[in-house]
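Using the numbering used here, the first residue of the sequence shown is number 39, and each one after it goes up by one.
Where a beta carbon is used, it is the ideal one built from N, C-alpha and C, also for glycine.
First comes the structure, then the notes that go with it.
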Amino acid sequence: MILYYTAGQKTKVFAHALHDVLRQPMQELKSPLNEKSFFIFRALYLAVTGKGYPVSNMPEKIDGKEIYLCSPVWGGNVAGPAWYFLNNANLEGVKVNLLLTCGSVTGSERYRKKALESLQLAGCEPGDIYVFATGKGVPEHSVIVEQLREMLPPNVIG
Ligand SMILES: Cc1cc2nc3c(=O)[nH]c(=O)nc-3n(C[C@H](O)[C@H](O)[C@H](O)COP(=O)(O)O)c2cc1C
Numbered sequence: 039m040i041l042y043y044t045a046g047q048k049t050k051v052f053a054h055a056l057h058d059v060l061r062q063p064m065q066e067l068k069s070p071l072n073e074k075s076f077f078i079f080r081a082l083y084l085a086v087t088g089k090g091y092p093v094s095n096m097p098e099k100i101d102g103k104e105i106y107l108c109s110p111v112w113g114g115n116v117a118g119p120a121w122y123f124l125n126n127a128n129l130e131g132v133k134v135n136l137l138l139t140c141g142s143v144t145g146s147e148r149y150r151k152k153a154l155e156s157l158q159l160a161g162c163e164p165g166d167i168y169v170f171a172t173g174k175g176v177p178e179h180s181v182i183v184e185q186l187r188e189m190l191p192p193n194v195i196g
């Protein structure tokens, strides 16, 4: 199962490419944050204070033993709504892989390390973590699909 949160639609492009590669069901995690104005200021405040932000459509149950959670990086870590999902979903016995998108082209390793710590802090079983920089733009869907096909373990490709 693929879950994604997006604020500015960039992570959505990656989630859709992942969906094409894995051929697994996909759900967008929605947050009331996206419906409000002054988004950037609210988001920064919530990221910096670590408050996170609720998801309004939490999945009732997680299918399978492995999920892929796609999220932008906010303040060096997974975005507030993704953090909320990690802390509130029943992920017992579920391996959590992450696909992160970030603005910085040099921050990938730092964000990967931080995200791994966050998965452990939330009590999740960490899987693979993929980080894509979007600061210079988002590649075409087909380019991302090719990149993912090369990065993902062959046994998960659908
Ligand atoms: C509140 C906020 C905080 C962010 N913090 C970071 C950051 O710490 N490092 C970084 O490289 N990019 C940061 N970014 C940029 C986003 O991670 C990047 O643009 C991402 O691809 C956006 O995905 P989206 O369009 O799906 O929301 C931040 C963006 C926002 C809105």
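Separation of F123 and E66 (C-alpha to C-alpha, rounded to the nearest whole angstrom) is 11 Å. In this structure, L71 lies near Y91, with their beta-carbon atoms less than 7 Å apart.
For G161, the secondary structure class from DSSP, reduced to helix, strand or coil, is coil. Distances from the alpha-carbon of V169 to those of S180, L190, E163 and Q158 put L190 closest. Taking one beta carbon from each stretch, the stretch 125-139 and the stretch 94-102 have 3 or more pairs nearer than 8 Å; the two touch.
Assignment of beta-bridge partners to V143 by DSSP yields no partner.
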